[in-house]
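Visitor: Heads up, the sequence shown stops at 325 in my numbering, and the numbers go up one at a time, no gaps. Glycine included, every Cβ here is placed at the ideal spot set by N, Cα and C. Dropping a structure here in structure tokens format, bear with me for questions.
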Amino acid sequence: MKVIDLFESKPVLSFEVFPPKPNVPIASIFQTLNELKTLHPDFISVTYGAGGSVPGASTAEICETIQKQHGIPSIAHLPCINETRESVLEKLGQFRRCGVENILALRGDRNPEIAPKTDFAHASVLIAFIREHGTFDIAAACYPEGHPESPDLDTDVQHLREKVQAGASHLISQLFYSNRDFYTFREKLAAAGIGVPVEAGIMPVTSKKSIERMVSLCGASIPKRLAKLLARYANDPASLKAAGLEYAIEQILDLTENGADGVHIYTMNNPDVARYITDAVAEDLGR
Ligand code: FAD
39 MKVIDLFESK PVLSFEVFPP KPNVPIASIF QTLNELKTLH PDFISVTYGA
89 GGSVPGASTA EICETIQKQH GIPSIAHLPC INETRESVLE KLGQFRRCGV
139 ENILALRGDR NPEIAPKTDF AHASVLIAFI REHGTFDIAA ACYPEGHPES
189 PDLDTDVQHL REKVQAGASH LISQLFYSNR DFYTFREKLA AAGIGVPVEA
239 GIMPVTSKKS IERMVSLCGA SIPKRLAKLL ARYANDPASL KAAGLEYAIE
289 QILDLTENGA DGVHIYTMNN PDVARYITDA VAEDLGR
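What follows is the structure, given as structure tokens:
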């Protein structure tokens, strides 16, 4: 099933998972999926690490399990910074063999230790290439606070428009903690003539370490209210987690009230967190 069709009956609820790291048993991801399935997400997306994947639990194979075993649509992420046209064609072939119909086309993060390949300078080039070579439904990433490499949000939105013009049918946002940023971003998209559905990316705060890591990686800002919670519970991990989950729930309820096309929860392969949040927002998301 093409994920774009899901937005006809919005708001969409989706989850993101990642393939197991080499030091983690492969079975863990399949156990996670068994549990996530019971929460009835509209689709599950599977990340693609720049460092390759574990045989038996690659992005394509996990997508295959999500679809064939659990009957849930999936999206395979595909970063292109270290790829050539030939290697992307191989990957598209593997996706096809596994029944993958949806791809989140990404550039990928720069690694100072690896010189990027030159075939795909931006995600928009990958999107056009995938479009030329199949019938995949293509999603793209977007950044409510602007991509960290972009000089400003308006410039980033102009480049986002190139991704939509190249064939991205919907967008999934980077995590953010201020809904106001997301609403301002939506206004900028409308002004730029970008009318495709945009899912809001929600990363629940579950520990001080995890939020510090995420914020340093993607540059998301921490609004005052969240900063206060982090300070208040700096030495109380259980209370911090409880407050972080409530914060995510409030964010989602507010987004739903304000007509968000969908909510994409970064589950970090933690079904308990996904369950707690999904149970709390299910009614408001019409499920
Ligand atoms: P692009 O759209 O190419 O944008 C990157 C930068 O280039 C931006 O600053 C943009 O403004 C600029 N730009 C774009 N076009 C032009 C142009 N024509 N001229 C000049 N500048 C331009 N990474 C992974 O490795 N694996 C994953 O599975 C993964 N999943 C992700 C899922 C989501 C929902 C998100 C939001 C990010 C994900 N990422 C993943 C991270 C992503 O790869 C990085 O954020 C990366 O730095 C940018 O990717 P992009 O596809 O947005 O790039």
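For alanine 161, count neighbouring C-beta atoms within 10 Å of its own C-beta (all shown protein chains included) and say buried if the count is 16 or more, exposed if not.
Guide: As a position in the sequence shown, residue 161 is number 123, starting the count at 1. Looking at its Cβ environment, which holds 16 or more other Cβ atoms inside 10 Å, alanine 161 is buried.
Visitor: How would you call cysteine 196, buried or exposed, if buried means at least 16 neighbouring beta carbons within 10 angstroms?
Guide: Taking the first residue of the sequence shown as position 1, residue 196 is located at position 158. Reading the sequence as shown, one finds glutamine at residue 196 and not cysteine. Under this definition glutamine 196 is an exposed residue.
Visitor: Pairs of beta-carbons, one from the region 73-87 and one from the region 48-57, closer than 8 Å: are there three or more?
Guide: Touching, yes.
Visitor: Since leucine 209 contacts alanine 177 with CB under 8 Å, what's their CB separation in whole angstroms?
Guide: Against the sequence shown, residue 209 aligns to sequence position 171. Against the sequence shown, residue 177 aligns to sequence position 139. The Cβ separation is near 7 Å, so the contact holds.
Visitor: If you draw a straight line from the alpha carbon of asparagine 72 to that of threonine 97, how long is it in whole angstroms?
Guide: Locating residue 72 in the sequence shown gives position 34, counting from the first residue. Locating residue 97 in the sequence shown gives position 59, counting from the first residue. Approximately 16 Å between the Cα atoms of the pair.
Visitor: Under the criterion of a Cβ to heavy atom distance below 6 Å, does alanine 238 qualify as lining the ligand FAD?
Guide: Residue 238 sits at position 200 when you count from the first residue of the sequence shown. Alanine 238: no, Cβ never under 6 Å from the ligand FAD.
Visitor: Helix, strand or coil for glycine 239, going by three-state DSSP, please let me know.
Guide: The count along the sequence shown starts at 1 and reaches residue 239 at position 201. Correct three-state label for glycine 239: strand.
Visitor: Spell out the partners DSSP gives proline 117 in its beta bridges.
Guide: By 1-based counting over the sequence shown, the position of residue 117 is 79. DSSP lists Leu144 as partners of proline 117.
Visitor: Flag this pair as touching only if the region 274-292 and the region 314-325 have three or more C-beta atom pairs under 8 Å; answer yes or no.
Guide: These segments touch.
Visitor: Thinking just about the alpha-carbon of each residue, which of Val253, Lys247, Ala206 and Met241 is nearest to the one in isoleucine 232?
Guide: On the sequence shown, residue 232 is found 194 positions in, with the first residue counted as 1. When only C-alpha atoms are compared, the closest one is Ala206.
Visitor: Once you ignore the five residues that flank leucine 268 on each side, which residues in its own chain have a CB closer than 8 Å to its CB?
Guide: Counting from one through the sequence shown, the residue named residue 268 turns up at place 230. Excluding sequence neighbours, leucine 268 sits near Val243, Lys246, Ile249, Ile260 and Leu278.
Visitor: Beta-carbon separation of leucine 51 and leucine 291 under 7 Å?
Guide: Stepping through the sequence shown from its first residue, residue 51 is reached at position 13. Stepping through the sequence shown from its first residue, residue 291 is reached at position 253. The answer is no: Cβ separation not under 7 Å.
Visitor: Indicate whether proline 182 and phenylalanine 158 have their beta-carbon atoms separated by less than 7 Å.
Guide: As a working note, residue 182 is residue 144 in the sequence shown. As a working note, residue 158 is residue 120 in the sequence shown. No, these two residues do not count as a Cβ contact at 7 Å.
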